[in-house]
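**Student:** Numbering that gives the first Met the number 0 numbers the first residue of the sequence shown as 0 and each following residue consecutively.
The structure follows.
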Amino acid sequence: MQHVATLIGSLDRPIGEMDLNALIETISQENGAVIRHAWLCEGEAVDVFFDGGSAELKNILGEWALENSIDVIVQPVAGRRKKALLADMESTLIKEEMLEELADFVGLRAKVEEITTRAMNGELDFRAALQERLLLLKGLPASILDDLCKKMTITPGAKELVATMRAHGAKCLIVSGGFTVFTSDIARQLGFDGHFGNGIAIEDGKISDAIVEPLLDKNSKRRILGETAKQMNISEADICAVGDGANDVPMLLAAGLGIAYHAKPAVQKQANFNIRFANLRALLWVQGYHSKELR
Numbered sequence: 000m001q002h003v004a005t006l007i008g009s010l011d012r013p014i015g016e017m018d019l020n021a022l023i024e025t026i027s028q029e030n031g032a033v034i035r036h037a038w039l040c041e042g043e044a045v046d047v048f049f050d051g052g053s054a055e056l057k058n059i060l061g062e063w064a065l066e067n068s069i070d071v072i073v074q075p076v077a078g079r080r081k082k083a084l085l086a087d088m089e090s091t092l093i094k095e096e097m098l099e100e101l102a103d104f105v106g107l108r109a110k111v112e113e114i115t116t117r118a119m120n121g122e123l124d125f126r127a128a129l130q131e132r133l134l135l136l137k138g139l140p141a142s143i144l145d146d147l148c149k150k151m152t153i154t155p156g157a158k159e160l161v162a163t164m165r166a167h168g169a170k171c172l173i174v175s176g177g178f179t180v181f182t183s184d185i186a187r188q189l190g191f192d193g194h195f196g197n198g199i200a201i202e203d204g205k206i207s208d209a210i211v212e213p214l215l216d217k218n219s220k221r222r223i224l225g226e227t228a229k230q231m232n233i234s235e236a237d238i239c240a241v242g243d244g245a246n247d248v249p250m251l252l253a254a255g256l257g258i259a260y261h262a263k264p265a266v267q268k269q270a271n272f273n274i275r276f277a278n279l280r281a282l283l284w285v286q287g288y289h290s291k292e293l294r
């Protein structure tokens, strides 16, 4: 089976011929027969196609890339371009964690950040973490939700990722443990086909500490991926999923291309694929899109 190693640089660390040669040499040293290479975007992404390779090649390349502050994804060539995208929102499509932004209004950002970090590292159950944070935010005026929508910062590469995949026939969905008041806005801005998230309870114009059922958690994300595959009559292997937290892991492991994006350390260890340095355009390079195809 022919494989491809996609080497990806970033704005702070572009890649060049020296990086390409080092990649080719490493593959050859691990019994891989290099066939050819092709630049997808000068200075940003290059494919190296090869046959064979040792069982440890993927790990060796991963360690080499980490040491050099670049990204590399190794996968079979067949089926690399996916038919659907399922994306987490907070700290993935946007830079913020919106519960932390809410906490700013009551001076509790540090406390909420601590809870979020524990949850995203898998140290705290998602439901328990959400309940704990809602208790801190109870009583805030619901009007601030609309104000916070204006503060959301789109992650670099997100617009190109969604626009390019949709232009080539892929279905794109947001699958987030965040609130639908935020997922709906980002879905509209980026042109997603749909979005999934959690409701937020409002009582007398104020945020309540009640959890709106059913809760969208890690199991829900995995379920939505399976349902999407069935609805589209495709395999789960035809889906690209991306996220950064522990509640994304089941979805990432089920997808054919499940990428942990600038993820928490515990998530990086569990994921089959990691993007640690590049922006979200990396998901297009990994699928073999050329810069001329980007929208």
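Glycine included, C-beta positions come from ideal geometry on N, C-alpha and C.
Keep in mind the model is a prediction, meaning the values are calculated, not measured.
N197: which of L133, T163, G156 and G168 sits nearest, CA to CA?
**Tutor:** Of the listed residues, the one whose Cα sits closest to N197 is L133.
**Student:** Can you tell me where the alpha helix (DSSP H) holding D146 begins and where it ends?
**Tutor:** Segment I143 to C148, the alpha helix (DSSP H) holding D146.
**Student:** For G61, name the three-state secondary structure that DSSP assigns.
**Tutor:** If DSSP states are grouped into helix, strand and coil, G61 belongs with the helices.
**Student:** Consult DSSP for D237 and reduce its assignment to one of helix, strand or coil.
**Tutor:** DSSP places D237 in helix when its eight states are reduced to three.
**Student:** Short of 7 angstroms in beta carbon distance, which residues of its chain neighbour W38, apart from the five on each side in sequence? Order them along the chain.
**Tutor:** These residues qualify, in order along the chain: V45.
**Student:** Drop a sphere of 10 angstroms on the beta-carbon of D243, count the other beta-carbons inside from all chains shown, and report buried for 16 or more, exposed for fewer.
**Tutor:** So D243 counts as buried.
**Student:** Can you tell me whether R280 is buried or exposed, with buried defined as 16 or more other CB within 10 angstroms of its CB?
**Tutor:** With 16 or more Cβ atoms within 10 Å of its Cβ, R280 is classed as buried.
**Student:** Going by Cα to Cα distance, which pick from D103, S219, G52 and A200 is closest to F125?
**Tutor:** For F125, the nearest C-alpha among the options comes from S219.
**Student:** Tell me R35's beta-bridge partners as DSSP assigns them.
**Tutor:** BP columns for R35 point to F48.
**Student:** Compare the beta carbon distance of L172 and L136 with 8 angstroms and say whether it is the shorter of the two.
**Tutor:** Not in contact: L172 and L136 (Cβ atoms no closer than 8 angstroms).
**Student:** Under 8 angstroms by Cβ, that's how I've got I7 and D87 pegged, so tell me the actual separation to the nearest angstrom.
**Tutor:** Between D87 and I7 the Cβ distance is about 20 angstroms, and since that is not below 8 angstroms, they are no contact.
**Student:** Suppose you measure from the CA of R221 to the CA of G177; what does that come to, to the nearest Å?
**Tutor:** Those two C-alpha atoms are separated by around 16 angstroms.
**Student:** Could you spell out where the alpha helix (DSSP H) holding A265 opens and where it closes?
**Tutor:** Note, A265: alpha helix (DSSP H), P264 to Q269.
**Student:** Return yes when the Cβ of T91 is within less than 8 angstroms of the Cβ of Y288, no when it is not.
**Tutor:** Contact: no.
**Student:** Could you give the residue range of the alpha helix (DSSP H) that holds A109?
**Tutor:** Here the alpha helix (DSSP H) through A109 covers R108 to M119.
**Student:** Less than 8 angstroms between the C-beta atoms of I201 and A270, yes or no?
**Tutor:** The answer is no: Cβ separation not under 8 angstroms.
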